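> According to numbering that gives the first Met the number 0, the sequence shown is numbered sequentially starting from 0. Ideal Cβ placement from N, Cα and C applies to all residues, glycine included. Since the model is a prediction, treat every value here as computed from it, not as a measurement. Pasting a structure here, questions to come.
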Amino acid sequence: MLSMIAGIDEAGRGPVIGPLVVCSASCRREDEKQLKKLASKDSKQLTPEQRVAAYDKLKGFVTFRWVEVSAMDLNKLMDTMSLNDIEAKVMADLVKKLPDGDTMIDMPDRYAWTFRKRMEKFGVNKFEAEHKADENYPIVAAASICAKIMRDHKIEEIRKATCDFGSGYPGDPKTVAALKDKPSRKLLEPFIRQKWKTLENIKQTRLFDTEEQEKEDAAAGAASRHRRRSPRAARMARIRVRNEGIEIEVPDGSPILPYLWESTSFPQGCEDGSTPICACVIISGEANVNHKTQQEIETLHRAGLPNSWRNRLACMVRVMKGEIEIEY
Ligand code: FES
């Protein structure tokens, strides 16, 4: 058993404003007991004050390193890389700087084999990775604490330089209000993630459409309102992406992949159903998608994924009508 342990985690993957911060934490295995006392909880469950207090003590025996990827850098990088690839690249760079030891990573990918493939692409293969590793491994919780603090500092700096935009997450009404207010948005422009901006534009269009429709309906009366709305509802389907917390409206019968690329950090792949980088899980609405082809079944089988309706290759999925929820 190696004498050093290390953990890696990130903060700020999902917001529309501000940087992504990825952090590594490492310490001697013999300090694990002390580590457990200070970093036994996921940093998300600690108040900001508790996080800072824990971090101050952890610094006494844990070595921290972090990388901040600004929104501007993310915008540039995401022209050619997925967010998962960017994260894997930063994580791989951090692993290379760690002392020899056991490393656990809170992985961004749904499947460990996908994440391992990404990390190998960036020259790293000696690590373990799990979901929610920050809840189960104190050294990953320590990395999570550090990443969150560094991101909070940055958000505070941006707030001071611009305006009060809340948390920067798209679900925060303060963030949405700041993005819709022209002067605030101008100030925030260098700190906005373009991918999310696209999504916001889609949402705004929908909002304006609805207002227009309501005005027309009010003028024409309730009976015509019913007639006009039905064809619109019949034409549009909805994709909910659970791990990104977003919804996308698409015409009935659309392939989902272009919309996932437009609005999420979904990885780019072969697009022909042969290399399953686009594996995803249908959580609900299975009756609203097309059937699998033989090639899709075979590719999923080669990837070790059971042939159930849940496992799909996103590049082969069309949403025919209604709603579906997926995760990747
Ligand atoms: S992108 Fe390769 S199988 Fe879908």
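(1) If you draw a straight line from the alpha carbon of Pro182 to that of Asn124, how long is it in whole angstroms?
(2) Val21 and Trp65 look like a contact to me (Cβ under 8 Å); what is the Cβ gap, rounded to whole Å?
(3) Ignoring anything shorter than 4 residues or poking outside the stretch 93 to 147, list the alpha helix (DSSP H) runs there in chain order.
(4) Rounding to the nearest angstrom, what Cα-Cα distance links Ala141 and Tyr54 in this structure?
(5) What residue range is occupied by the uninterrupted beta strand (DSSP E) comprising Asp55?
(6) From Glu134 to Ser39, what distance separates their C-alpha atoms?
(7) How would you label Glu67, buried or exposed, when you count the other beta carbons within 10 angstroms and need 16 or more for buried?
(8) Glu119 to Arg317, Cα distance in whole Å?
(9) Determine the extent of the beta strand (DSSP E) in which Trp65 is found, giving its start and end residues.
(10) Over the uninterrupted alpha helix (DSSP H) stretch that includes Val15, give me the two end residues.
(11) Tell me which residue opens and which closes the alpha helix (DSSP H) that Ser283 is part of.
(12) What does the Cβ neighbour count give for Cys269, buried or exposed, with the cut at 16 atoms within 10 Å?
Result, derived from the coordinates:
(1) 47 Å
(2) 7 Å
(3) 111 to 120, 132 to 135
(4) 8 Å
(5) Run containing Asp55: none in the beta strand (DSSP E); it sits in the alpha helix (DSSP H), 47 to 57.
(6) 7 Å
(7) buried
(8) Answer to the nearest angstrom: the Cα atoms are 31 Å apart.
(9) 62 to 68
(10) That residue, Val15, is in no alpha helix (DSSP H); it is neither H nor E in DSSP.
(11) Per DSSP, Ser283 belongs to no alpha helix (DSSP H); it is in the beta strand (DSSP E), 278 to 283.
(12) By the 16-neighbour rule on beta-carbons within 10 angstroms, Cys269 is exposed.
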